[in-house]
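J.: Residue numbers (numbering that gives the first Met the number 0): 0 to 680. Positions of the beta carbon are idealized from the N, C-alpha and C atoms, including for glycine. Just so we're clear, the structure is a prediction, and the values are computed from it rather than from any experiment. The structure that follows is given in the form of structure tokens.
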Amino acid sequence: MHARTFAPAVGLVDGILYGGDYNPEQWSPSTWKEDIGLMKEAGVNLVTLGVFSWAILEPSEGEYDFSRMDILMELLSAGGIKVDLATGTAAQPAWASVAYTDIAPMDERGMRFSHGSRQSYCPNSPSYLRLSRALVEALGKRYAAHPALALWHVNNEVACHLQACTCDTCAALFRKWLASRYGGLERLNEAWGTAFWSQRYSSWEEIVPPRVSTASLNPAARLDYRRFMSDSFLDLVRGEAGILRRVSPGIPITTNLMWTDGADWFRLDGVVDALAYDSYPDPSEKESWRWAAYMFDLTRGHLGGKPWLLMEQAPSQVNWRPLNAAKKPGLMRLWSSQALAHGSDSVLFFQWRASVRGSEQFHSAMLPHAGASSRRHAEVKAFGMELARLSGKNGSLPGLAGSVVSARAALINSYDSWWFSQYRPFPTDAYDYQRFVRDWHDSLSRLHVPVDIISPRDSLDGYGLVLAPALFLADEELLSRLGSFVKDGGTLATGIGAAMVDEEGKVRTGGYGGQLARLCGIHIQEYDVETPRGGVTAGGYPVHAWFDLIEAAKETEVLAFYEGGSWLAGFAAATKAKAGKGNAYWLGTRAESSYLDAFMADCLAAAGIEGLVAAGPDIEACVRLTASGEELLFVMNHGEGEGRARPVTKGWKLVHGPGVIDEGEELALTPLTFAVLSRRA
Ligand code: GLA
Ligand code: ZN
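Okay, here's the thing in structure tokens:
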């Protein structure tokens, strides 16, 4: 179970943080006072400053110019608005790229990226690291004691545009990383299986990053390169955070992710104090809010369940999709409440004032091109006021900031499994690790069951149900912990090629899944994959992508067999076994919601976990627990029609929202609205 610390993500601001990225360098100083006046009217209490200010702060190497930043910090301070001050290192100035050719990252074809965008630096470049750290130190020292400073913002969306660099600097560091991982070349040759295709290495210098070659590369080498790049990006964050801790003690540190596979972000726990996420679900995509729910739980999970920060979202449309749909009235408010429901202590946007130039000139903003007298700004302002009434000093839910989500179900997310299963060739290109994990999360969402997303290294204590779908790569230590969890009374559900390979990417022999399959009372000799012919079903429902061909032991209950006239008929697709005091389920395939929700309901019943509300799938429900022992139940209606929800437990009273509880204790919500209920835990 995640730790419950009940500390607000940013204790220096009262209540929920409201505001956004503020890029005043794009405007003449004559707009700054107007900005701050409008911010105050809109309930803004925090802005993120300086994300892309490096070239202005350091116009030439070593010459700092903080004059504009000084004025802005003063103006914001006088306006009572706190600052999340960015280190500004996400886009180095052109002079740096020109003077130091080691900065430009290299792609898999050995081509250097050109300057002119952002994040165009190699995370290991000595020049980039020296220059960026000098800037962080100078900024840190200058503003450490500034009354406006509430939070440090390391870099910006690390590894968003670039997830790997293959330059010679990285190559040299990779060799060192390997030497410390394996000790000697013999061990590396064994772990990478270099007996294959004459790949044996006789000196460290022969090892190069995974650059494009004639055919497929070594899978274990690729996996290790992902791990090495992950450490490189994490070290980048660690480096900046370390400087800030030294020169600006006591100020919390965050970093914001757009979330990519560039690093194992669970390893940011302990590096930053609060993790931030930039959420951009597509308003035109059906149920994109469910994807956001997954991302919110994942962000919270990355830092062991602490309140996190919604650092960015679009007030309306973004500019970077082929089609950028606007958010219709009410949607921004609903999706903001969703972040709060999942444990965020903030509702922040990209960005305050809409740009008129530059590549984001068509991105929506809190203060749109139309100005303050506009539908969009009115919604921003109304929600800012609402949040102040809700969570401010004298608000109706003063304990909201710093409250935690308490879940009895956990979902394991393994970056190693993700990285490994991205390798091609693979048994099927349709093996989509995050999609499979998300399917199971979606199912819990439809069943209104809160869930923590945890790393394979996290403790399983306190959970009744652990889900480990598609855990393709797993070490023996994790498998035995899962075994103990079940034997001590827990319910485990796993499958879809789980535990096929160990931590070195080596296939387990003698039956796929090793001890995990034995725990589940099954034997898997073979798998098959979906082909365009399709037509495979399980328990009467269509199944996809991957088929573990399961032979169930005598005592193991078969929940569904494959059918559909193919030779798979007769093999089990889903099973349930007793092991010790608990239950171990295996679902060997990607099932649609029609079957998956029934399977999940079975697992939940075995674990004794109920949904929070009885309601249809367009209703979302989440619960936060405050330091003073109050439960806050958020109920959101994502549907187009009126939504009804009945809490499954008693004693709730409506504390916020337009919904009404009728005599049957049922809540009625108009489309795109939310309500908050509370009770003593
Ligand atoms: C990201 C960045 C912002 C901005 C937005 C636009 O999240 O952090 O600087 O580019 O995208 O959606
Ligand atoms: Zn590099």
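1. Run the proximity test for MET105: is its beta-carbon closer than 8 Å to any non-hydrogen atom belonging to ligand 2?
2. Quick one: what's got a C-beta closer than 7 Å to GLY640's C-beta in the same chain, skipping five residues either side?
3. Which complete beta strand (DSSP E) runs does the stretch 36-96 hold, if anything under 3 residues is left out?
4. DSSP three-state call for GLU630: helix, strand or coil?
5. Just verifying my parser: in three-state terms, what is the DSSP assignment at GLY581?
6. Return yes when the Cβ of VAL654 is within less than 9 Å of the Cβ of VAL634, no when it is not.
7. Is VAL506 buried or exposed, if buried means 16 or more other CB atoms sit within 10 Å of its CB?
8. Just curious, the beta strand (DSSP E) that ASP167 is in, first and last residue?
9. Quick one: which unbroken alpha helix (DSSP H) runs of 4-plus residues sit fully inside the stretch 452-539? Chain order, please.
10. What do you reckon, is the C-beta of CYS169 under 8 Å from a heavy atom of ligand 2?
11. Taking only heavy atoms of ligand 3 into account, decide whether any of them is closer than 8 Å to the Cβ of SER124.
12. Does at least one heavy atom of ligand 1 sit under 8 Å from the Cβ of MET257?
13. When the Cβ atoms of the stretch 323-339 are set against those of the stretch 254-271, are three or more pairs found closer than 8 Å?
14. Can you give the Cα-Cα distance for GLU311 and TYR526, rounded to whole angstroms?
15. By the DSSP assignment, the alpha helix (DSSP H) with ALA292 in it spans what residues?
16. Would you report the Cα separation of GLY488 and ARG532, rounded to the nearest angstrom?
17. Beta-carbon within less than 7 Å of VAL647's beta-carbon, same chain only, minus the 5 sequence neighbours each way: which residues are those?
18. Taking the alpha-carbon of THR298 as reference, which of LEU410, ALA606, SER627 and GLY504 has the nearest alpha-carbon?
19. When the distance is taken between beta carbons, is ALA41 closer than 9 Å to GLY391?
20. Only counting the same chain, and skipping five residues up and downstream in sequence, which positions put a Cβ closer than 7 Å to that of LEU366?
21. Quick one, which of VAL403, LEU308 and THR88 has its alpha-carbon nearest SER2's?
22. In the DSSP output, what is SER677 paired with across the bridge?
23. For ASP617, which three-state DSSP category applies?
24. Given a threshold of 16 other Cβ atoms within 10 Å of its Cβ, counted over all protein chains shown, does ASN318 qualify as buried or as exposed?
25. Does the Cβ-Cβ distance between ALA684 and ASP431 come in under 9 Å?
26. Closer than 8 Å: is that where the CB of PRO165 sits relative to any heavy atom of ligand 2?
27. Taking the alpha-carbon of SER201 as reference, which of ASP13, ALA583, LEU184 and PRO541 has the nearest alpha-carbon?
28. Select from PHE560, LEU75 and TRP191 the residue whose C-alpha is nearest the C-alpha of ILE35.
29. Does the stretch 494-502 come close enough to the stretch 587-595 that 3 or more CB-CB pairs lie under 8 Å?
30. What residue does the alpha helix (DSSP H) around GLN316 start on, and which one ends it?
31. Could you tell me which residues DSSP puts in a beta bridge with ARG221?
32. Could you check what DSSP says for LYS575 in three-state terms: helix, strand or coil?
33. Output the distance between the C-alpha atoms of MET228 and LYS486, rounded to the nearest integer angstrom.
34. Where MET599 and LEU216 are concerned, what is the direct C-alpha to C-alpha distance, given to the nearest angstrom?
35. Would the stretch 426-444 count as touching the stretch 459-477 if we require 3 or more Cβ pairs under 8 Å?
T.: Taking the definition as stated:
1. Against the sequence shown, residue 105 aligns to sequence position 106. Yes; taking the cut-off as 8 Å, the Cβ of MET105 has a heavy atom of ligand 2 nearer than that.
2. Position 641 of the sequence shown, counted from the start, is the residue given in the question as residue 640. Result list for GLY640: PRO670, in chain order.
3. 45-48 and 81-85
4. Walking along the sequence shown from the start, residue 630 turns up at place 631. It is a strand residue.
5. Here residue 581 refers to the residue found at position 582 when the sequence shown is read from its first residue. Three-state result, GLY581: strand.
6. As a first step, residue 634 is located in the sequence shown; it is residue number 635 there, counting from the start. As a first step, residue 654 is located in the sequence shown; it is residue number 655 there, counting from the start. Against a cut-off of 9 Å, the Cβ pair of VAL654 and VAL634 comes out as no contact.
7. The residue labelled residue 506 in the question sits at position 507 within the sequence shown. Exposed, by the Cβ-count rule.
8. Sequence index remark: in the sequence shown, residue 167 carries index 168 (1-based). That residue, ASP167, is in no beta strand (DSSP E); its alpha helix (DSSP H) goes 167-181.
9. 475-486 and 513-518
10. Translated into positions along the sequence shown, residue 169 becomes position 170. Answer for CYS169: yes, Cβ within range of ligand 2.
11. Within the structure as shown, ligand 3 is missing, the only ligands being ligand 1 and ligand 2.
12. Counting from 1 along the sequence shown, the entry for residue 257 is found at position 258. Because some heavy atom of ligand 1 lies under 8 Å away, the Cβ of MET257 counts as near it: yes.
13. no
14. Stepping through the sequence shown from its first residue, residue 311 is reached at position 312. Stepping through the sequence shown from its first residue, residue 526 is reached at position 527. Roughly 42 Å between the two C-alpha positions.
15. The sequence position of residue 292 within the sequence shown is 293, counting from 1. Residues 287-301.
16. As a first step, residue 488 must be located in the sequence shown, where it is residue number 489. As a first step, residue 532 must be located in the sequence shown, where it is residue number 533. Cα-Cα distance, rounded: 42 Å.
17. The sequence position of residue 647 within the sequence shown is 648, counting from 1. Around VAL647: GLU609, GLY610, LEU611, VAL612 and ALA613.
18. Counting from one through the sequence shown, the residue named residue 298 turns up at place 299. Among LEU410, ALA606, SER627 and GLY504, the Cα nearest to that of THR298 belongs to LEU410.
19. For the purposes of this step, residue 391 is taken as residue 392 along the sequence shown, with counting starting at 1. For the purposes of this step, residue 41 is taken as residue 42 along the sequence shown, with counting starting at 1. No, they are not a contact pair.
20. Your numbering for residue 366 matches position 367 in the sequence shown. These residues qualify, in order along the chain: LEU37, TRP351, ARG352, ALA353 and HIS376.
21. As a working note, residue 2 is residue 3 in the sequence shown. Checking the sequence shown, residue 2 turns out to be Ala, not Ser. ALA2 has its Cα closest to that of VAL403, out of VAL403, LEU308 and THR88.
22. Locating residue 677 in the sequence shown gives position 678, counting from the first residue. In the DSSP output, where bridge partners are listed per residue, SER677 has LEU631 and LYS652.
23. Translated into the one-based positions of the sequence shown, residue 617 becomes position 618. Looking at ASP617 - three-state DSSP - the assignment turns out to be coil, as it is neither helix nor strand.
24. As a first step, residue 318 is located in the sequence shown; it is residue number 319 there, counting from the start. Result: exposed.
25. Any question about residue 684 goes unanswered here, given that the chain covers just 0 to 680.
26. One-based indexing of the sequence shown puts residue 165 at position 166. Reading off the sequence shown, one finds Thr at residue 165, where the question assumed Pro. Within the cutoff, so yes.
27. For this step, residue 201 is matched to residue 202 along the sequence shown. Here the closest residue by C-alpha is LEU184.
28. Residue numbering aside, residue 35 sits at position 36 when the sequence shown is read from its first letter. Of the candidates PHE560, LEU75 and TRP191, the one whose C-alpha sits nearest the C-alpha of ILE35 is LEU75.
29. yes
30. The count along the sequence shown starts at 1 and reaches residue 316 at position 317. That residue, GLN316, is in no alpha helix (DSSP H); it is neither H nor E in DSSP.
31. Locating residue 221 in the sequence shown gives position 222, counting from the first residue. ARG221 is not bridged to any residue.
32. For the purposes of this step, residue 575 is taken as the residue at position 576 of the sequence shown. Strand.
33. For the purposes of this step, residue 228 is taken as residue 229 along the sequence shown, with counting starting at 1. For the purposes of this step, residue 486 is taken as residue 487 along the sequence shown, with counting starting at 1. Computed Cα separation, rounded: 37 Å.
34. Taking the first residue of the sequence shown as 1, we reach residue 599 at position 600. Taking the first residue of the sequence shown as 1, we reach residue 216 at position 217. Using only the alpha carbons, I get a separation of about 38 Å.
35. yes
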